[in-house]
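A quick write-up on the structure given underneath.
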Amino acid sequence: MTPSDGGLPPDPRVYFAAERTLLAWIRTGIAIMAFGFVVARFGLFLRLMRLQAGGTAPEPSVSPYLGAGLVLLGVVATALGTLEYRRYCRQLPAADLPTPHATLLPLLLAASLVGAGLVLVVALLR
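Residue numbers (my numbering): 328 to 453.
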């Protein structure tokens with residue numbers, strides 16, 4: 328569409344808004360994963376404190392499972408945000424995409440975080 332046929336001129340800000348939204352989803356996913364890791368490790372910390380105080384070894388609590396669940400929730404948030412970004416960018420007309428634009432870099436970042444999060448879930452459940 329061009330201004331002469333009544334359409335809107337190309338606007339690369341639309342793409343940049345989609346990219347900012349993806350980065351917000353990535354930040355949210357990282358924050359949830361970090362919180363899950365802290366929750367999982369806090370249970371271990373409490374167990375060690377009880378042992379140092381001369382108590383018996385308490386049974387494992389629910390914190391490793393809750394922490395792993397939160398990490399998994401962060402992975403899902405990152406993955407779904409990435410899929411939505413990819414779907415939206417495919418619908419954009421080529422004129423709205425800035426030249427040059429790096430579509431692969433944000434996707435690789437998100438995929439790396441999803442992979443790292445899945446490894447962390449496995450490590451927390453061991």
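Every residue, glycine too, gets a C-beta built ideally from N, C-alpha and C.
As the structure is a computational prediction, the values presented were derived from the model and not from experiment.
For residue j and residue i, the rounded distance between their alpha carbons
i: glycine 408; j: arginine 374; result: 36 angstroms
i: proline 391; j: arginine 414; result: 34 angstroms
i: proline 425; j: proline 339; result: 5 angstroms
i: leucine 431; j: glutamate 411; result: 15 angstroms
i: valine 398; j: proline 336; result: 42 angstroms
i: glutamine 379; j: leucine 419; result: 60 angstroms
i: threonine 348; j: aspartate 423; result: 16 angstroms
i: alanine 438; j: glycine 382; result: 44 angstroms
i: cysteine 416; j: alanine 345; result: 8 angstroms
i: alanine 404; j: arginine 377; result: 35 angstroms
i: glutamate 386; j: leucine 371; result: 11 angstroms
i: valine 449; j: alanine 421; result: 41 angstroms
For residue i, three-class secondary structure by DSSP
i: valine 446; result: helix
i: threonine 409; result: helix
i: aspartate 338; result: coil
i: leucine 348; result: According to the sequence as given, residue 348 is threonine; it is not leucine. Note: threonine 348 maps to helix in three-state DSSP.
i: arginine 374; result: helix
i: arginine 417; result: helix
i: alanine 437; result: helix
i: alanine 404; result: helix
i: serine 390; result: helix
i: aspartate 332; result: For aspartate 332, the pLDDT reaches just 48, beneath the cut-off of 50, and the residue's location in the model is therefore unreliable, leaving the point undetermined.
i: leucine 424; result: coil
i: leucine 432; result: helix
Cβ separation of residue i and residue j, assumed to be a contact under 8 angstroms, to the nearest whole Å
i: leucine 445; j: alanine 395; result: 10 angstroms between Cβ atoms; not a contact.
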